[in-house]
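Notes follow once the structure below has been shown.
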Amino acid sequence: MAMRRELTISDRPIDEAAWVAARRNDSTQGAVLQFAGVVRDSEGGATILGLDYSSFVAMAERQFHLLFDEMERRWPISSVRLVHRLGPIKAGETSLWVETVAGHRGEAFAATQWLIDEMKRVVPIWKKPLPISSETSGSG
Amino acid sequence: MAMRRELTISDRPIDEAAWVAARRNDSTQGAVLQFAGVVRDSEGGATILGLDYSSFVAMAERQFHLLFDEMERRWPISSVRLVHRLGPIKAGETSLWVETVAGHRGEAFAATQWLIDEMKRVVPIWKKPLPISSETSGSG
Amino acid sequence: MKIPVQLWSYFTELAGTSQVELELPPGAKIDDLLTLLYQRHPRLGAMRNSTLVAVGVDYQGSSYVLQEGDEVSLFPPVQGG
Amino acid sequence: MKIPVQLWSYFTELAGTSQVELELPPGAKIDDLLTLLYQRHPRLGAMRNSTLVAVGVDYQGSSYVLQEGDEVSLFPPVQGG
Chain A
-6 MAMRRELTIS DRPIDEAAWV AARRNDSTQG AVLQFAGVVR DSEGGATILG
44 LDYSSFVAMA ERQFHLLFDE MERRWPISSV RLVHRLGPIK AGETSLWVET
94 VAGHRGEAFA ATQWLIDEMK RVVPIWKKPL PISSETSGSG
Chain B
-6 MAMRRELTIS DRPIDEAAWV AARRNDSTQG AVLQFAGVVR DSEGGATILG
44 LDYSSFVAMA ERQFHLLFDE MERRWPISSV RLVHRLGPIK AGETSLWVET
94 VAGHRGEAFA ATQWLIDEMK RVVPIWKKPL PISSETSGSG
Chain C
100 MKIPVQLWSY FTELAGTSQV ELELPPGAKI DDLLTLLYQR HPRLGAMRNS
150 TLVAVGVDYQ GSSYVLQEGD EVSLFPPVQG G
Chain D
100 MKIPVQLWSY FTELAGTSQV ELELPPGAKI DDLLTLLYQR HPRLGAMRNS
150 TLVAVGVDYQ GSSYVLQEGD EVSLFPPVQG G
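These protein sequences, in sequence, are chains A, B, C and D.
Numbering follows my numbering, in which position 4 of the first sequence is assigned residue number -3; successive positions increment by one, without gaps.
Numbering follows my numbering, in which position 32 of the second sequence is assigned residue number 25; successive positions increment by one, without gaps.
Converting from the third sequence to my numbering requires adding 99 to each position, the first position being numbered 1.
Converting from the fourth sequence to my numbering requires adding 99 to each position, the first position being numbered 1.
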């Protein structure tokens, strides 16, 4: 059976509880793993307000689907749902949410770690710090 | 700062979305990992209605806290919340939910996998299949 | 001394009871307790190699020296998750 | 042939523009495109070793032979998550 995939790249806040609540019940799969990446309030030692994410979205979608293809070849994963938020994101808010559903735990952990590692290698998304004071911000 | 711990062993259904929604916002921690163990509809090739979990609860609590102690020594984890449901659980429902919050992803993955592995080794919880037909059930 | 032994999971069914009380001499070890228990409940004895032993809420090995007031628990491999 | 080159992330700031168009001979490779581009935008050239190149929505290496209609993208290492 084909791996179910759901990819959302958007500037809306990520409502993790809503994504969790929307999971389809599947009694053939024993393991659900969810990872949330949260924007931290420091970057390179400096306190920041948050991060501003940008993306070459069409390519990001293409690259995510290539990763999903390989994930499906490598592990018996029944579902992957991934949400990446773009635009300004305040520290403490979620920039990435990914869920992997598999028959067993080992597969879910291995596939999710691999997916995030690969995402950080090939998916065209970038971030820049949002300085605490607007006075210290500026181009260049 | 001490690792925050929350342990719930109970026969109530696990409302994952509610647990997720109740997470404290922490902008110093970049990684949140949640694992849900779902009861599968087959056991050793036979279709089952679900699993009936039992536990020596006082010892389970003690053993979970010993594991949390070691987890805290081994990884910089800021929070762990673990819920284990007991009693009859239908296939497709969640028997275990665990969340680990850490500064970085690698720590959260490593600590969560270790915690679940160790739980399956030392925490006194047992399960027996609930047969599909009540006619086939009975004391062994 | 009298040592209560609590059985868990399917050990209860193997023994036909969830609790037994054993009379042991001072200085007796868990090993001695098991030997006596298995004489009375040979179906439990068949599980010896996969039996976990706790005193109170902590695991103990077979050389643990029992004391008055100890509560022993015996159970099969755990299966949480 | 005219090849449009889209710049992403801080490459836009380094070049002072998000898109440039380069005139290249038939059979030109990405390597040739980069050489020409870096003559015009030396601040981009300084990033050469950490530049990723795509044609359309797929990554391509420096020996890729460009064709009429290709849209090239250049960007720094990605940082999703």
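Even for Gly, the Cβ is constructed at its ideal location relative to N, Cα and C.
Report task. Determine the extent of the beta strand (DSSP E) in which B/T93 is found, giving its start and end residues. Result -> For this step, residue 93 of chain B is matched to residue 100 along the second sequence. Start and end: T87 to A95.
Query - Residues that DSSP places opposite A/E65 in a beta bridge - result: Residue mapping note: residue 65 of chain A aligns to position 72 of the first sequence, counting from 1. DSSP, once it has assigned bridges, lists no residue as partnering A/E65.
Requested in this report: Kindly indicate if chain B contains any beta-carbon less than 8 Å away from that of C/F174.
Outcome: As a position in the third sequence, residue 174 of chain C is number 75, starting the count at 1. By this cut-off, C/F174 is an interface position.
Query raised in the report: With which residues is C/Q118 paired in a DSSP beta bridge?
Result: Position 19 of the third sequence, counting from 1, holds the residue named residue 118 of chain C. According to DSSP, C/Q118 bridges with C/Q105.
Report task. Look at the Cβ atom of C/L143, then the Cβ atom of C/L132, and state whether they are nearer than 8 Å. Result -> To locate residue 143 of chain C, count along the third sequence from 1; it is residue 44. To locate residue 132 of chain C, count along the third sequence from 1; it is residue 33. Contact: no.
Query raised in the report: Counting pairs of Cβ atoms below 8 Å between the stretch 168 to 178 of chain C and the stretch 152 to 161 of chain D, do you hit three or more?
Result: no
Query raised in the report: Who are the Cβ neighbours of A/L42 in its own chain at under 7 Å, not counting the five residues just before and after it?
Result: Here residue 42 of chain A is taken as the residue at index 49 of the first sequence, counted from 1. Cβ within range, chain order: K83, A84, L123, P124 and I125.
Query raised in the report: Are the C-beta atoms of B/T1 and some chain A residue less than 8 Å apart?
Result: For this step, residue 1 of chain B is matched to residue 8 along the second sequence. Judged by the 8 Å Cβ criterion, B/T1 is not in contact with chain A.
Report task. Taking only runs that begin and end inside the stretch 112 to 163 of chain D, name each unbroken alpha helix (DSSP H) of 4 or more residues, in chain order. Result -> 129 to 139 and 141 to 144
Requested in this report: At 7 Å on the CB atoms, spell out the chain A contacts of D/S149, in chain order.
Outcome: Walking along the fourth sequence from the start, residue 149 of chain D turns up at place 50. Going along chain A, no residue has its Cβ under 7 Å from D/S149, so there is no contact; the nearest lies around 12 Å.
Query raised in the report: Would you report the Cα separation of B/W119 and B/R5, rounded to the nearest angstrom?
Result: Position 126 of the second sequence, counting from 1, holds the residue named residue 119 of chain B. Position 12 of the second sequence, counting from 1, holds the residue named residue 5 of chain B. Distance between the alpha carbons of B/W119 and B/R5: 17 Å.
Requested in this report: Taking C-beta pairs closer than 8 Å, name the residues in chain C that B/V(-3) reaches, listed in chain order.
Outcome: Within the second sequence, residue -3 of chain B is the residue found at index 4, counting from 1. Sequence check: residue -3 of chain B is Arg here, not Val. The contacting residues do not exist; B/R(-3) stays about 22 Å from chain C at best.
Query raised in the report: Name the chain D residues that come within less than 9 Å of A/H97, Cβ to Cβ?
Result: As a working mapping, residue 97 of chain A is identified with position 104 in the first sequence. Simply none; closest approach about 25 Å.
**Report entry** Segment contact flag, the stretch 23 to 37 of chain B with the stretch 86 to 98 of chain B, C-beta cutoff 8 Å, min 3 pairs
**Finding:** yes
Query - Own chain partners of A/I2 with C-beta closer than 7 Å, once the 5 adjacent residues on each side are dropped - result: Here residue 2 of chain A refers to the residue found at position 9 when the first sequence is read from its first residue. Here the set comprises S48, V50, A53, E54, H77 and L79.
Report task. Leaving aside the five residues before and after A/E128 along the sequence, list all residues of the same chain whose C-beta is less than 7 Å from its C-beta, in chain order. Result -> Here residue 128 of chain A refers to the residue found at position 135 of the first sequence. Residue placement at A/E128 is poorly supported in this model, since its pLDDT is 49, which falls under 50; the coordinates are not used for a value here.
Requested in this report: Label C/V164 either buried or exposed according to how many other C-beta atoms from any shown protein chain fall within 10 Å of its C-beta, with 16 as the threshold for buried.
Outcome: The residue given as residue 164 of chain C occupies position 65 in the third sequence. When all chains shown are included, C/V164 counts as exposed.
**Report entry** Of the listed residues B/S35, B/L75 and B/Y46, nearest to B/G(-3) (C-alpha basis)
**Finding:** Walking along the second sequence from the start, residue -3 of chain B turns up at place 4. Gly is not the amino acid found at residue -3 of chain B; the sequence shown has Arg there. Looking at the Cα atoms, B/L75 is the closest of the given residues.
Query - 8 Å contact criterion, which A/E111 and A/L44 should meet: CB distance rounded - result: Locating residue 111 of chain A in the first sequence gives position 118, where the first residue counts as 1. Locating residue 44 of chain A in the first sequence gives position 51, where the first residue counts as 1. The Cβ separation is near 21 Å, so there is no contact.
Query raised in the report: Which one of D/S108, D/I129 and D/R139 has the shortest CA to CA distance from D/V119?
Result: Residue numbering aside, residue 119 of chain D sits at position 20 when the fourth sequence is read from its first letter. Minimum Cα distance to D/V119 is reached at D/R139.
Query raised in the report: In chain A, which residues lie with their C-beta within 7 Å of the C-beta of B/G30?
Result: By 1-based counting over the second sequence, the position of residue 30 of chain B is 37. Here the neighbours are G23 and A24.
**Report entry** Beta-carbon contacts of A/E65 that lie in its chain and below 7 Å, excluding the five residues immediately before and after
**Finding:** As a first step, residue 65 of chain A must be located in the first sequence, where it is residue number 72. Excluding sequence neighbours, A/E65 sits near M(-4).
Query raised in the report: Roughly how many angstroms separate the alpha carbons of C/Y137 and B/F57, rounded to a whole number?
Result: By one-based count along the third sequence, residue 137 of chain C stands at place 38. By one-based count along the second sequence, residue 57 of chain B stands at place 64. Those two C-alpha atoms are separated by around 30 Å.
Requested in this report: Could you say which of B/R98, B/E100, B/L89 and B/Q106 lies nearest to A/G99 if we only look at CA atoms?
Outcome: Counting from 1 along the first sequence, the entry for residue 99 of chain A is found at position 106. If we check each option's Cα against that of A/G99, B/Q106 comes out closest.
Requested in this report: In the DSSP assignment, find the unbroken beta strand (DSSP E) run with B/R139 in it and report its ends.
Outcome: Within the shown structure, residues of chain B are numbered from -6 to 133, placing residue 139 of chain B beyond reach of any answer.
Report task. Indicate whether at least one CB of chain A lies closer than 8 Å to the CB of D/G179. Result -> Here residue 179 of chain D refers to the residue found at position 80 of the fourth sequence. Taking Cβ atoms only, chain A reaches closer than 8 Å to D/G179, which makes this a yes.
Query raised in the report: When the Cα of A/P117 is compared with those of D/K128, D/A127 and D/Q105, which residue comes out closest?
Result: The residue labelled residue 117 of chain A in the question sits at position 124 within the first sequence. Of the listed residues, the one whose Cα sits closest to A/P117 is D/Q105.
Report task. Consider the Cβ of A/S48: report whether some Cβ of chain B lies at a distance smaller than 8 Å. Result -> Translated into positions along the first sequence, residue 48 of chain A becomes position 55. False, the Cβ-Cβ gap to chain B never drops below 8 Å.
Query raised in the report: Name the DSSP bridge partner or partners of A/R(-2)?
Result: Within the first sequence, residue -2 of chain A is the residue found at index 5, counting from 1. According to DSSP, which records beta bridges pairwise, A/R(-2) is partnered with A/V73.
Query raised in the report: Under 8 Å between C-beta atoms, does B/R55 make it to chain C?
Result: Taking the first residue of the second sequence as position 1, residue 55 of chain B is located at position 62. Yes, because at least one Cβ of chain C sits closer than 8 Å to the Cβ of B/R55.
Requested in this report: Measure how close the beta-carbons of B/S72 and B/Y46 come, nearest whole angstrom, since I'm counting them as under 8 Å.
Outcome: Counting from one through the second sequence, the residue named residue 72 of chain B turns up at place 79. Counting from one through the second sequence, the residue named residue 46 of chain B turns up at place 53. No, B/S72 and B/Y46 are not in contact; Cβ-Cβ is about 25 Å, not under 8 Å.
Query - Proximity to B/P81 [Cα-Cα], best of B/A24, B/T40, B/V13 and B/V32 - result: The residue you call residue 81 of chain B lines up with position 88 of the second sequence. Closest option to B/P81, Cα to Cα, is B/V32.
Query raised in the report: Is the shortest distance between the beta-carbon of A/P122 and the beta-carbons of chain D less than 8 Å?
Result: Here residue 122 of chain A refers to the residue found at position 129 when the first sequence is read from its first residue. No - not a single Cβ of chain D is within 8 Å of the one on A/P122.
Query raised in the report: chain C beta carbons: is any one of them nearer than 8 Å to that of B/V94?
Result: For the purposes of this step, residue 94 of chain B is identified with residue 101 of the second sequence, where counting begins at 1. It does not: the Cβ of B/V94 has no partner Cβ on chain C nearer than 8 Å.
Query raised in the report: Straight-line CA distance for D/V171 to D/A153?
Result: Residue mapping note: residue 171 of chain D aligns to position 72 of the fourth sequence, counting from 1. Residue mapping note: residue 153 of chain D aligns to position 54 of the fourth sequence, counting from 1. Looking at the two C-alpha atoms, the distance is approximately 6 Å.
**Report entry** Top-ranked residue by Cα proximity to B/E9, from B/V115, B/K121 and B/E86
**Finding:** The sequence position of residue 9 of chain B within the second sequence is 16, counting from 1. When only C-alpha atoms are compared, the closest one is B/E86.
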